[in-house]
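S.K.: The structure's right below; bear with me while I get my questions together.
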Amino acid sequence: MLPFSESLRAQTPGMIYENPGITVLDPNGDGYVSATVNGFISDDDAESEIDYVSIAFKETEPTSDPGPGPNCSFNDIVDTGSEEPIFVNFDGTYLRFRFRLGNTSPNSKGYSIFIDSDQKFGFTGTNKDPNAVAGNPGFEIEVVLMTNFGVAVYNVDGTTTPVQVVGYATNPYTSHCQKSVALTTNCGNIDVFYDFFIPFLKSPAISV
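Residue numbering for the sequence shown is 1268 to 1475, as defined by my numbering.
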């Protein structure tokens, strides 16, 4: 029997292989994150069913750089230079995120997105953040995908000690995260997408 990650090689790029049927992440309900059931053909950014926008990276994200843990695997964010590593989509109701990873695993892991919601950042300049502290120059919100558990939200405004404001049980894993096959093959093996979402936040604990 082949390892699970190896078995994905035979699957069509774009196919959802874990938690299919989540309407927010697969609006047309066809079991693919690609625009059609033909899957990704030449560009999994442009051919995505949901119009994600890439989060800007200063340079190409290298492979084999996690430090602890395996290289080119579930903990390795990857990109090709043209196919981006992390994406976001907001439709006014839901905030969606997509991670491109070097491989997949059933392990329970955490994947964080930090959000600067007030457009103030750093310690100097006209847009400096009055709440900036060492270790957090201006982020207000942390969204954490906890695989096998759910999606949690933390208030990190002015601190390096996050305060949970939405527990993962509110956004369960099986209804708020899906995994699918990407088109790219960094490290010579299939890449995967981990997609997850939260309802847009309107909480007195954090301003968005």
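Built from N, CA and C at the ideal position, the CB exists for glycine as well.
On a predicted model such as this, the values are computed, not experimentally measured, just so you know.
From the DSSP output, read off the bridge partner residues of valine 1433.
M.R.: The partner list for valine 1433 (beta bridge, DSSP) reads Val1420.
S.K.: Have a look at valine 1448 and proline 1352 and give me their C-alpha separation to the nearest angstrom.
M.R.: Using only the alpha carbons, I get a separation of about 14 Å.
S.K.: With a Cβ-Cβ cutoff of 9 Å, do aspartate 1383 and cysteine 1454 count as a contact?
M.R.: It is not a contact, given that the beta carbons lie outside the stated cut-off.
S.K.: Output the distance between the C-alpha atoms of asparagine 1286 and phenylalanine 1307, rounded to the nearest integer angstrom.
M.R.: Taking the straight line from one Cα to the other gives about 19 Å.
S.K.: Which stretch, first to last residue, makes up the alpha helix (DSSP H) that contains tyrosine 1319?
M.R.: Tyrosine 1319 -> no alpha helix (DSSP H), and no H or E assigned at all.
S.K.: Our contact map puts phenylalanine 1460 next to tyrosine 1361 with C-beta atoms below 8 Å; I'd like the distance itself, whole angstroms only.
M.R.: Wrong, their Cβ atoms sit about 17 Å apart, outside the cutoff.
S.K.: In the structure shown, what three-state DSSP assignment does glycine 1306 receive?
M.R.: Glycine 1306: coil per DSSP, three-state reduction.
S.K.: Measure the Cβ-Cβ separation of lysine 1446 and isoleucine 1283 and say whether it is below 9 Å.
M.R.: Cβ atoms of lysine 1446 and isoleucine 1283: closer than 9 Å.
S.K.: From aspartate 1332 to serine 1375, what distance separates their C-alpha atoms?
M.R.: Aspartate 1332 and serine 1375: Cα-Cα distance of roughly 20 Å.
S.K.: Rank Phe1381, Phe1364 and Asp1312 by C-alpha distance to the C-alpha of threonine 1347 and give the top, closest one.
M.R.: If we check each option's Cα against that of threonine 1347, Asp1312 comes out closest.
S.K.: Quick check: serine 1349 and asparagine 1370, are their CB atoms within less than 9 Å of each other?
M.R.: Going by C-beta atoms, serine 1349 is not nearer than 9 Å to asparagine 1370.
S.K.: When DSSP labels each residue in this structure, what does asparagine 1370 get in the three-state scheme?
M.R.: Coil.
S.K.: Between the Cα of arginine 1365 and those of Phe1467, Asp1462 and Pro1466, spot the shortest distance and give me the residue it belongs to.
M.R.: With distances taken between Cα atoms, arginine 1365 lies closest to Asp1462.
S.K.: Which residues share a DSSP beta bridge with phenylalanine 1460?
M.R.: Arg1367 and Ser1447.
S.K.: Quick one: is isoleucine 1322 buried, meaning 16 or more other Cβ sit within 10 Å of its Cβ, or exposed?
M.R.: Result: exposed.
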